[in-house]
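These notes are about the structure you will find just below.
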Amino acid sequence: MRHHLILRVITKLLVGPIMLFALYVQFHGDYSPGGGFQAGVIMAVAFIIYGVVFSLDHVQRVLPPWLAHKLSALGVLIYAGTGVYSLLTGYAYLDYAALSPDHPVHGQHYGILLVELGVGVTVTGVMVTIYYAFTSRTPIMSDEAW
Amino acid sequence: MRSLFAVVMLSGVFSLLSALLFVTLDAVDVAFTEAAVGAGISTVLILGTLALTSRYERPSKRSNTIPLLVTFVTGAALFYGTLDMPNLGDPNAPAQTHVAPGYLLQSPHEIDVPNVVTAVLASYRGYDTLGETAVVFTAAVGVLLLLSGLSRRRRRKPKGDT
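In structure tokens, the structure reads:
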């Protein structure tokens, strides 16, 4: 998309706010609509739009495929690790009271934050991984081909 | 309509419209997901698939009567199903009377998170969400095994034979 000047400029302007919005949806999910899954998708969209408008090489310089693969596994580990931590401290699996034994309600807040972070990281990694897997198989088509 | 590009765009528009439908039903979290995944990422992925395959549908040689009949019968069955559905916002609907009142009453004391959807998703139904995360991860593993560059790299080594 070399000659699409408007698309390129707008994308450069938008990628930052999209990522910021993803972080807002992620960490404000306790108070407003949204949560880990939505935030992960929006974060992935920031990378995908960059890849669509610029090129796969550009976006893979920012987020290499191996990192996206590791991220998708890391999120599941964060989630399951929270449960293992509560097991080790003598609570039931995924009982967030373990994170703050003196104040179980605070423990719930920490637990939800951690777990949603795990979901967000996994979803970002997975969406970007799938996008890479699909688009890295073909040469980029010329605009006229559509 | 043989142009698959137009079909993809129409399905994206449909996704966006159903996101509006979810907003009407006060399911803002679902609407959010539908707009981001249905209209955004799936459209991009299907476009990527179109680039891999063909951009025009091959005309079918069989007659269209049986598919048309199946569509009409299924549609009629779905319409028949809506006759029993409770009205929009009915307080006596099964969805409002089962576990929902319990969650709404208890979560301010037990979890103290204003967004009850998050409380249910991450705390009351934490196991389910862990399972969903594992499913999403499995999807990536499946796509990687089927489409990744790992096998391609091996194939590329002996240059010349494809």
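Same order as they appear, the protein sequences are chains A and B. Taken in order, the first sequence gives residues 245 to 390; the numbers are from my numbering. Taken in order, the second sequence gives residues 4 to 165; the numbers are from my numbering. Cβ coordinates follow ideal geometry from the N, Cα and C atoms, glycine included.
Since residue 126/B meets chain A, which of its residues come closer than 9 Å, beta carbon to beta carbon?
Correct list: 338, 340, 352, 355, 356, 359.
Could you tell me if residue 360/A is buried or exposed, where buried requires 16 or more neighbouring beta carbons within 10 angstroms of its beta carbon?
Buried, since its Cβ has 16 or more Cβ neighbours within 10 Å.
Look at the Cβ atom of residue 265/A, then the Cβ atom of residue 364/A, and state whether they are nearer than 9 Å.
In this structure, residue 364/A does not lie closer than 9 Å to residue 265/A by Cβ.
Reducing DSSP to helix, strand and coil, say where residue 6/B ends up.
In the structure shown, residue 6/B sits in a strand (DSSP, three-state: E or B).
Over the uninterrupted alpha helix (DSSP H) stretch that includes residue 256/A, give me the two end residues.
It spans 249–271 - the alpha helix (DSSP H) in which residue 256/A sits, taken as one unbroken run.
Which residues mark the beginning and the end of the alpha helix (DSSP H) in which residue 313/A is found?
Looking at the DSSP string, the run of the alpha helix (DSSP H) that includes residue 313/A is 309–332.
Once DSSP output is grouped into helix, strand and coil, what is the label at residue 376/A?
Helix at residue 376/A.
In this structure, does DSSP put residue 59/B in helix, strand or coil?
Residue 59/B: strand per DSSP, three-state reduction.
Tell me whether the beta-carbon of residue 250/A lies closer than 9 Å to the beta-carbon of residue 293/A.
Contact: no.
For residue 46/B, which residues of its own chain have a beta-carbon under 7 Å away from its beta-carbon, when the five flanking residues on both sides are left out?
Taken in chain order, the residues that qualify are 11, 15.
Buried or exposed: residue 68/B, going by 16 or more other Cβ atoms within 10 Å of its Cβ?
Label assigned to residue 68/B: exposed.
Is the beta carbon of residue 319/A less than 9 Å from the beta carbon of residue 140/B?
The answer is yes: Cβ separation under 9 Å.
Considering only the beta carbon of each residue, do residue 304/A and residue 122/B sit closer than 9 Å?
Not a contact, by the Cβ cut-off of 9 Å.
Please look up how many angstroms separate the CB atoms of residue 286/A and residue 39/B, rounded, as I've assumed it's under 8 Å.
Indeed they touch by this definition, with Cβ atoms about 6 Å apart.
Taking contact to mean 3 or more Cβ pairs, one atom from each stretch, closer than 8 Å, check whether the segment 335–348 of chain A and the segment 99–106 of chain B are in contact.
Touching, no.
Find out if the Cβ-Cβ distance for the pair residue 284/A, residue 326/A is shorter than 9 Å.
Cβ distance not < 9 Å, so residue 284/A and residue 326/A don't count as in contact.
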